[in-house]
Amino acid sequence: MAILDIFNNEIVEFVNFPNDQVFSIEFGAGRGCFGKKFLPACYLTDAVNNNLPHFRELEEYSENSQCHYLDSMYDFINSEDLGRTFTKLIFCNPYDFGVGGYGETKQFLSRAGQLLDVGGEILMIGGVKNRWVKHKNAVTFYEELIAHNNLSYEFQISQPIVLDENHEYRQNHVFTLCDINVEIKPTQMYKITKVA
Amino acid sequence: MENIILEARNTFSDVHLTNDYRIKRYRNNFQIHLNTLFDISNVIVDDSQAIFNDTALILTDRIYHQTEGFVIESLDDLEDESINEEFDNLQGFLYEKIRRELGMYYDRTSLELLKMIDRTVHSAILSVKYNYFSKCNEFINPWESENNIFTDNKVLHLFSTNRDEVVDFIDDDSNESNEISDKKIWILAKGHRSDTTHGFVRDLLGLRNTILAILDESASSYRNPMKTEIIIRKLRQMGISQDEYSDSNIKNWLITPLKRNNRIGSSKDGYFMLNTCDDIAFSYGSHLENLKGYFRTLESHRRLAEQKNCLSTHNLNEHIEFLLRYLNLPS
Ligand SMILES: C[S@@+](CC[C@H](N)C(=O)[O-])C[C@H]1O[C@@H](n2cnc3c(N)ncnc32)[C@H](O)[C@@H]1O
Numbered sequence: 001m002a003i004l005d006i007f008n009n010e011i012v013e014f015v016n017f018p019n020d021q022v023f024s025i026e027f028g029a030g031r032g033c034f035g036k037k038f039l040p041a042c043y044l045t046d047a048v049n050n051n052l053p054h055f056r057e058l059e060e061y062s063e064n065s066q067c068h069y070l071d072s073m074y075d076f077i078n079s080e081d082l083g084r085t086f087t088k089l090i091f092c093n094p095y096d097f098g099v100g101g102y103g104e105t106k107q108f109l110s111r112a113g114q115l116l117d118v119g120g121e122i123l124m125i126g127g128v129k130n131r132w133v134k135h136k137n138a139v140t141f142y143e144e145l146i147a148h149n150n151l152s153y154e155f156q157i158s159q160p161i162v163l164d165e166n167h168e169y170r171q172n173h174v175f176t177l178c179d180i181n182v183e184i185k186p187t188q189m190y191k192i193t194k195v196a
Numbered sequence: 197m198e199n200i201i202l203e204a205r206n207t208f209s210d211v212h213l214t215n216d217y218r219i220k221r222y223r224n225n226f227q228i229h230l231n232t233l234f235d236i237s238n239v240i241v242d243d244s245q246a247i248f249n250d251t252a253l254i255l256t257d258r259i260y261h262q263t264e265g266f267v268i269e270s271l272d273d274l275e276d277e278s279i280n281e282e283f284d285n286l287q288g289f290l291y292e293k294i295r296r297e298l299g300m301y302y303d304r305t306s307l308e309l310l311k312m313i314d315r316t317v318h319s320a321i322l323s324v325k326y327n328y329f330s331k332c333n334e335f336i337n338p339w340e341s342e343n344n345i346f347t348d349n350k351v352l353h354l355f356s357t358n359r360d361e362v363v364d365f366i367d368d369d370s371n372e373s374n375e376i377s378d379k380k381i382w383i384l385a386k387g388h389r390s391d392t393t394h395g396f397v398r399d400l401l402g403l404r405n406t407i408l409a410i411l412d413e414s415a416s417s418y419r420n421p422m423k424t425e426i427i428i429r430k431l432r433q434m435g436i437s438q439d440e441y442s443d444s445n446i447k448n449w450l451i452t453p454l455k456r457n458n459r460i461g462s463s464k465d466g467y468f469m470l471n472t473c474d475d476i477a478f479s480y481g482s483h484l485e486n487l488k489g490y491f492r493t494l495e496s497h498r499r500l501a502e503q504k505n506c507l508s509t510h511n512l513n514e515h516i517e518f519l520l521r522y523l524n525l526p527s
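From first to last, the protein sequence lines stand for chains A and B.
So for the first sequence, this note's numbering puts the first residue at 1; every next one is plus one.
So for the second sequence, this note's numbering puts the first residue at 197; every next one is plus one.
What follows is the structure, given as structure tokens:
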């Protein structure tokens, strides 16, 4: 069965990446389609793709078809700059990029700063035990970077919101680790807004 | 318990980074880290009925990090806020300590250096925190060996399966065959010097697959088993030297895990693929003979102990108790 977004429309592929009228982008989307499901228009990207592209290959698909829904391959850390900016960047359960440490946060926020409009925001979703998204890490390392004058952009980090199993993101979506077939239950969500 | 954190703090504050890059002991510690981490992940994957997708058959950065995350998230049940806060403090302390230790070599604009510090701090903190996980005694702490890279080998480190992330010039890797040359994890290390050093360990998941490929080609069934020595010789021909992995490393780290995970069968004549029912039955039969042999020895020991009246002071019934437990029968 086709996958519907929360507005009951079928999710779609954007073929002119990165030049469509699309202002949100998800990185590290893996096999998930979070951004396309919960936002009116959103690019999905990942550094790696080991699965079938469902938009092209299958007549019929469902969320269990083990396909990906990517509009493009894109490595958030290492790929060339896209030459444009967005109003929203989305990260669900990132591993190996994010706010894992001081240097990693510097790299992460510097890249995000390049890709975001002023006033635009990063949506971070994940578990509290995952250091790459953990709210506390974001706050600690961001504050330190600012204190050391070691970041070119200024951000504001919101308070975390608890994602319990009743939240629509958990009710209507299954997050997975990609290489170990196991469901991830994200427990926290917050925003990082680019102020300057 | 708090002593553990205090002790760790003292250990960390005594570390002085080395300026000697001649010996690459950090490689061994990193190899042990990988082995123990993946051993744990296999057990947890089994318990949680999750499965490694096929893509997980050779190690990539992506698989490493998902696996490490999976292991941490499965084991870390430390909820005590005050202890968690102490770990946050310890983390802050370590960052400061390392920056001070690097002194003039600390360059806050070098992402590579900053990420080496991140990885070093991460493994140091986890090596201590592991002791607070309720299942800590069921496994070997995988971050202890990784943390030894800092506390014993006295270097910072960072690693990647993607060579370009770690090494910016090409070594001449001489006599390695293609089957194994790209199955490596590169390690970048830095002590109290302006330059860095690097080394690698092999991807044992990938090498286990190399062994499967060797057996698949020449030992596809119980009728043509391959002896350990031949497997080892083939790996040596591909370029894995004795210095790098001794014969017993190969046996313990590559062959035995394949056997334990039901990937290959064995008899006294060697190893073979488990493709057909006959293969499985043959390997089973061979192990059954071993079991009978061991059992007879254990029984005759027990009888001897009985004759010599040792049974009141020594328990020589354990082999029976083991079987009963296994079969879930009352003893
Ligand atoms: C655990 S999966 C999360 C999948 C999905 N977001 C979810 O929550 O269901 C993490 C994903 O991050 C991707 N990834 C890792 N490093 C990346 C990078 N530098 N840039 C983009 N994606 C990356 C991996 O390829 C993997 O697909």
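Don't be surprised by glycine CBs; every beta carbon is placed ideally from N, CA and C.
Run down chain A in chain order and give the residues with a C-beta less than 9 Å from the C-beta of residue i.
i	result
B:Glu269	Gly127, Lys129, Asn130, Ile184
B:Ser390	By Cβ distance, chain A contributes nothing, its closest Cβ being about 18 Å from B:Ser390, past 9 Å.
B:Gln262	Tyr95, Asp96, Leu177, Cys178, Asp179, Ile180
Would you tell me roughly how many angstroms separate the C-alpha atoms of residue i and residue j, rounded to the nearest one?
i	j	result
B:Asp364	B:Thr393	11 Å
B:Arg492	B:Asn471	31 Å
A:Gln188	A:His135	8 Å
A:Ile192	B:Asn224	40 Å
A:Arg170	A:Cys92	12 Å
A:Thr45	A:Gly120	19 Å
B:His497	B:Lys455	29 Å
A:Asp75	B:Glu485	54 Å
B:Tyr441	B:Asn420	26 Å
A:Val195	B:Leu309	28 Å
A:Phe97	A:Gln107	9 Å
B:Ala204	A:Gly127	27 Å
A:Asn149	A:Tyr142	10 Å
B:Ile436	B:Asn327	36 Å
B:Ile268	A:Lys129	8 Å
B:Ile446	B:Arg359	24 Å
B:Glu281	B:Ile460	47 Å
B:Glu372	B:Arg404	17 Å
A:Pro94	A:Gly28	6 Å
B:Asn505	B:Ser323	47 Å
B:Arg221	B:Ile345	8 Å
A:Phe23	A:Cys42	7 Å
If the cut is a Cβ gap below 7 Å, which residues of chain A does residue i touch?
i	result
B:Ile259	Asp179
B:Gly265	Tyr95, Asn130
B:Tyr291	Tyr102
B:Asp303	In chain order: nothing, as chain A lies at least about 11 Å away.
B:Val241	Ile180
B:Asp272	Lys129
Using a Cβ cut-off of 8 Å, pull out every chain B residue sitting near residue i, in sequence order please.
i	result
A:Lys106	Leu307, Leu310
Please confirm whether any heavy atom of ligand 3 lies closer than 7 Å to the CB of residue i.
i	result
A:Pro94	Among the ligands in the structure shown, ligand 3 does not appear; only ligand 1 can be found there.
What in chain B is Cβ-close to residue i, meaning under 7 Å?
i	result
A:Val48	Arg258
Would you mind telling me which residues of chain A sit closer than 8 Å to residue i, beta carbon to beta carbon, in chain order?
i	result
B:Phe355	The premise fails here: B:Phe355 is roughly 12 Å from chain A at the closest Cβ pair, so nothing lies under 8 Å.
B:Phe248	Asp179, Ile180, Asn181
B:Ser244	Val182
Does the beta-carbon of residue i have 16 or more other beta-carbons within 10 angstroms, so that it is buried, or is it exposed?
i	result
B:Thr316	buried
B:Met300	exposed
B:Thr452	exposed
A:Phe7	exposed
B:His212	exposed
A:Thr140	buried
A:Gly100	buried
A:Val12	exposed
A:Met73	exposed
A:Arg131	buried
B:Gln245	exposed
B:Val239	exposed
B:Gly288	exposed
B:Ile219	exposed
A:Val217	With chain A running from 1 to 196 in the structure shown, residue 217 of chain A is simply not present.
B:Arg521	exposed
B:Ile294	buried
If the cut-off is 8 Å on Cβ atoms, which residues from the segment 148–174 of chain A count as contacting chain B, listed in chain order?
His148, Asn150
Residues of the segment 312–333 of chain B with Cβ closer than 7 Å to any Cβ of chain A, in chain order
Ile313, Asp314, Val317, His318
The segment 216–228 of chain B: which residues have C-beta closer than 9 Å to a C-beta of chain A, in chain order?
none
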